[in-house]
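> Numbering-wise (the working numbering), the sequence shown opens with residue 2 and increments by one. Note that the Cβ used here is the ideal one computed from N, Cα and C, for glycine as well. Because the structure is a prediction, the values reported are computed rather than measured. Below is the structure I would like to discuss, written out as structure tokens.
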Amino acid sequence: MSRFQFVDDHRDAFEVKRLCGFLGLNRSSYYKWRAGREARDAGSGPISAWRQGSAWSTPSPAVSTAHPG
């Protein structure tokens, strides 16, 4: 478990400021990690968009057809 995940798991019971201070994290780093995690969970971002595009989902003819010989 990462320190960021620990903060996220316990943020309802303790202040994020106190947890980050105890673990030696910057609060801004925690919030940046959390925003990135939410984006990954939502499936947004440049990589997800690329994966959903035709280049990712449609195989090339060289891969999808058998060798003609």
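1. Enumerate in chain order the residues of its own chain whose CB-to-CB distance from Leu24 is below 8 Å, with the five nearest sequence positions on each side excluded.
2. Provide the residue span of the alpha helix (DSSP H) that contains Arg41, from first to last.
3. Give every residue of the same chain whose Cβ lies closer than 7 Å to the Cβ of Val17, excluding the five residues on either side of it in the sequence, and list them in chain order.
4. According to DSSP, is Phe7 helix, strand or coil?
Let me lay it out:
1. Arg4, Phe7, Val8
2. 28–43
3. Val8, Arg28, Tyr31
4. helix
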